[in-house]
Amino acid sequence: MSTPTALPATCCLHQNAAGLPILTVHNAWARADISLFGGHVLHYQRHNQAPLIWLSDSAVLDGSKAIRGGIPICWPWFGPAPAHVGAEKPAHGFARTSQWQLDAAFEEAHGTRVHLSLCANDATRALWPHEFTLELDVLIGDKLSLVLTTTNTGDTPLTFGGALHTYLAVAAIHATQVSGLGVPYADKLTGSDGTQQGALTFTGALDRIYTAPSALVTITDTARSIRVQNGHHDSVVVWNPWANGAKAFADMPDDGYLSMLCVEAALTAPAGVTLAADEEYSLSSVIA
Ligand code: TA6
């Protein structure tokens, strides 16, 4: 694995039982684990509080498939691959199943900043013929802050989409409410459009793209409120697979759906985001 020359005392780069490199950050505010496979935040927990991020107890953490839970990076597309890329390409792109590089980790006034990157290589070019740098900047402090920056390092335009596919930990999905999602949504389960009235509550499987969300989305359950402040997204995706969906996933316990909710800062517009040569674009989410 490629590592920066020096890590601060708050950081420890180690390998899990299957040999996956994981950076553990333990500082004055919180503890977090970040997998270099996927550039994937697995865990974030402020001291003396419950984890904010949900990770499946049966997640596969050996690099053989995308990790269920945490914050998968969906990129350079969200959901099924667009037709021009090729329908047989992996859902949610390849960033979440690529090995990222740990470039740097250092202390700042409000937390520990970790910088990871993924550059175009032969494997990515076989799936998507573009030159790029994808950078993930994570700040672990009293809040968890993520900035995902796409840079077009080629000399032709590139078009991409994606999401910070955050799995939040909730005390009880039946008693969870989400506000700030705005009114219009596309319901991926029914294929129809809907209008949100008041806060969103949960009584069954749900998979929606909210296309006019507020910058701040608030998730309230019986124990606390989680605030998710997103930037430069065009939509927020909300997903819970419910009981039958959880049963169908080998990497989610049958009752896993009760304690998780995906609220995702996303770029889902069919046209995508197009960057000219040397242009960059940053999608962000701050979770607290
Ligand atoms: O973000 C919601 C979603 O796109 C759902 O449609 C659902 O399938 C989920 O992501 C998980 O996708 P995955 O490929 O990780 O199983």
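Read in the numbering used here, the sequence shown has -9 at position 3, and its numbers run on one by one without any break.
Virtual Cβ for every residue (Gly too), placed ideally from N, Cα, C.
Exercise. Check H162 in the structure and name its three-state DSSP category.
Key: Locating residue 162 in the sequence shown gives position 174, where the first residue counts as 1. DSSP places H162 in helix when its eight states are reduced to three.
Quiz item: Three-state secondary structure (DSSP) at R215?
Solution: One-based indexing of the sequence shown puts residue 215 at position 227. R215: strand per DSSP, three-state reduction.
Quiz prompt | Proximity test, D242 beta-carbon vs the ligand TA6 heavy atom, cut-off 7 Å | solution = Taking the sequence shown and counting its residues from 1, the one referred to as residue 242 is at position 254. No, the Cβ of D242 stays beyond 7 Å of every heavy atom of the ligand TA6.
Quiz item: Would the beta-carbon of K53 be found less than 7 Å away from any heavy atom of the ligand TA6?
Solution: Within the sequence shown, numbered from 1, the residue matching residue 53 stands at position 65. It does not: the Cβ of K53 is nowhere closer than 7 Å to a heavy atom of the ligand TA6.
Quiz prompt | Burial state of D45, where buried means 16 or more other Cβ atoms lie within 10 Å | solution = As a first step, residue 45 is located in the sequence shown; it is residue number 57 there, counting from the start. By the neighbour-count rule (16 or more Cβ atoms within 10 Å), D45 is not buried but exposed.
Quiz item: In the stretch -5 to 71, which residue ranges form an unbroken beta strand (DSSP E) of at least 3 residues, counting only runs that do not cross its ends?
Solution: -1 to 3, 9 to 14, 18 to 23 and 28 to 34
Quiz item: Would you report the Cα separation of T208 and T144, rounded to the nearest angstrom?
Solution: Here residue 208 refers to the residue found at position 220 when the sequence shown is read from its first residue. Here residue 144 refers to the residue found at position 156 when the sequence shown is read from its first residue. When rounded, the distance between both Cα atoms is 44 Å.
Practice problem: Under 7 Å Cβ to Cβ from D239, same chain only, skipping five residues before and after it: list those, please. | Solution: Indexing the sequence shown from 1 puts residue 239 at position 251. Counting only Cβ-Cβ distances below 7 Å, and skipping sequence neighbours, we find S44, S46, A47, V48 and R56.
Quiz item: Should H80 be counted as a contact of the ligand TA6 given a C-beta to heavy atom distance under 7 Å?
Solution: Locating residue 80 in the sequence shown gives position 92, counting from the first residue. Yes, Cβ of H80 sits closer than 7 Å to a heavy atom of the ligand TA6.
Quiz item: So, are the CB atoms of L122 and A83 less than 8 Å apart?
Solution: By one-based count along the sequence shown, residue 122 stands at place 134. By one-based count along the sequence shown, residue 83 stands at place 95. Yes, they are a contact pair.
Quiz item: What alpha helix (DSSP H) runs, 4 residues minimum, are completely inside the stretch 230 to 261?
Solution: 230 to 236
Self-check item: Cβ shell of A157 (< 7 Å), same chain only, five flanking positions each side left out
Solution: The residue labelled residue 157 in the question sits at position 169 within the sequence shown. Same-chain partners within the cutoff: A38, P39, L40, I41, W42, S247 and M248.
Quiz prompt | H98 versus A79, A71 and G129, residue with shortest Cα-Cα distance | solution = By 1-based counting over the sequence shown, the position of residue 98 is 110. Of the listed residues, the one whose Cα sits closest to H98 is G129.
Self-check item: Any non-hydrogen atom of the ligand TA6 closer than 7 Å to G67 Cβ
Solution: Translated into positions along the sequence shown, residue 67 becomes position 79. Because some heavy atom of the ligand TA6 lies under 7 Å away, the Cβ of G67 counts as near it: yes.
Exercise. Determine the contact status of Y198 and G170, defining contact as a CB-CB distance below 8 Å.
Key: Within the sequence shown, numbered from 1, the residue matching residue 198 stands at position 210. Within the sequence shown, numbered from 1, the residue matching residue 170 stands at position 182. Result yes, Cβ atoms of Y198 and G170 sit closer than 8 Å.
Exercise. Report the residue from L271, H103, G81 and D91 whose alpha carbon sits nearest the alpha carbon of T112.
Key: Here residue 112 is taken as the residue at index 124 of the sequence shown, counted from 1. Here the closest residue by C-alpha is G81.
Exercise. Would you check whether the ligand TA6 has a heavy atom nearer than 7 Å to the C-beta of V225?
Key: Here residue 225 refers to the residue found at position 237 of the sequence shown. Yes, the Cβ of V225 comes within 7 Å of a heavy atom of the ligand TA6.
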